[in-house]
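Colleague:
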Amino acid sequence: MFRRQSSTDGDLFALTMKPVNDGLAFLAPEPTQTYETREWDTQQEEGQLSVDVIDAGKELRILAPMAGAIAERLEVYIHHDLLTIRGVRQSPVEFDPGDASVYSECFWGPFSRTIVLPVEVYGDQARAEFKHGVLVVRVPKRQSDTSVPITIVDE
Numbered sequence: 031m032f033r034r035q036s037s038t039d040g041d042l043f044a045l046t047m048k049p050v051n052d053g054l055a056f057l058a059p060e061p062t063q064t065y066e067t068r069e070w071d072t073q074q075e076e077g078q079l080s081v082d083v084i085d086a087g088k089e090l091r092i093l094a095p096m097a098g099a100i101a102e103r104l105e106v107y108i109h110h111d112l113l114t115i116r117g118v119r120q121s122p123v124e125f126d127p128g129d130a131s132v133y134s135e136c137f138w139g140p141f142s143r144t145i146v147l148p149v150e151v152y153g154d155q156a157r158a159e160f161k162h163g164v165l166v167v168r169v170p171k172r173q174s175d176t177s178v179p180i181t182i183v184d185e
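According to the working numbering, the sequence shown holds residues 31 to 185 in order.
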């Protein structure tokens, strides 16, 4: 679901994934006024998510591969020029207490990533989908044709 949330210094737009019939998780608008803190927000170390940001003309596309993520626990927040993605990756294998890792390159558990977007965006028009383990967020860019002259002072 899509949630628009008010804050003291501007609007915070939150997108929470909800699965649909074909396995694709899609975001749809639904207003609310409160920020929900999940138990995994503060209880354990978080992994950092890798992202690609693509300037596609009239919109930004943010790609985030996250195999093993639980679609219902994915959250995307846009506040001014900041984009935050949070979620949980669950290991498909149960480990016994005596098991020892030979290699441990995959992060399982809660993750998050906050990035500064390179342009101003319309956070309230953001859309996202989660399919085949990849989250794609599409955010329309604000058109900024105005330039601010800067006076150079020569001393």
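Just so you know, even glycine gets a beta-carbon here, dropped at the ideal spot from N, CA and C.
Looking at TYR152 and VAL169, is the spacing between their C-beta atoms short of 9 Å?
Modeller: yes
Colleague: Hey, how far is the Cα of ALA58 from the Cα of ALA101?
Modeller: In this prediction, ALA58 has a pLDDT of 44, which is less than 50 and means its spatial position is unreliable; nothing more can be read from the coordinates.
Colleague: Quick one: is VAL106 buried, meaning 16 or more other Cβ sit within 10 Å of its Cβ, or exposed?
Modeller: buried
Colleague: Measuring straight from C-alpha to C-alpha, what distance separates SER174 and THR144?
Modeller: Their backbone Cα atoms lie some 24 Å apart in a straight line.
Colleague: Give me, in chain order, the residues of the same chain whose beta-carbon lies closer than 6 Å to that of ARG103; leave out the 5 immediate sequence neighbours on both sides.
Modeller: Answer for ARG103: GLY117, VAL118, listed in chain order.
Colleague: Using 9 Å as the threshold, is the C-beta distance between PRO140 and GLU76 below it?
Modeller: yes
Colleague: If we ignore side chains and look at the alpha-carbon of each, how far apart do THR114 and GLY128 end up?
Modeller: Straight-line Cα distance between these residues: approximately 36 Å.
Colleague: Going along the chain, which residues of its own chain have a beta-carbon closer than 8 Å to the beta-carbon of ALA112, five neighbours each way excluded?
Modeller: The sequence shown places Leu at residue 112, not Ala. Cβ within range, chain order: THR144, ILE145, VAL146, LEU147.
Colleague: Taking the alpha-carbon positions, what's the ASP126 to SER134 distance?
Modeller: 15 Å
Colleague: Within the continuous beta strand (DSSP E) that includes GLU159, where are the two ends?
Modeller: 157-161
Colleague: Could you pull the start and end residues of the beta strand (DSSP E) that LEU90 belongs to?
Modeller: 89-95
Colleague: Could you tell me which of ALA94, PHE137, LEU79 sits nearest to GLU159, measuring between CA atoms?
Modeller: Residue nearest to GLU159 within the set ALA94, PHE137, LEU79 is ALA94 (criterion: CA-CA distance).
Colleague: Can you name the residues that DSSP bridges to ASP85?
Modeller: According to DSSP, which records beta bridges pairwise, ASP85 is partnered with LEU90.
Colleague: Compare the Cα-Cα distances from LYS161 to each of GLU150, MET96, ASP184 and report the closest residue.
Modeller: Answer by Cα proximity: MET96.
Colleague: Please state whether DSSP places GLU135 in a helix, a strand or coil.
Modeller: coil
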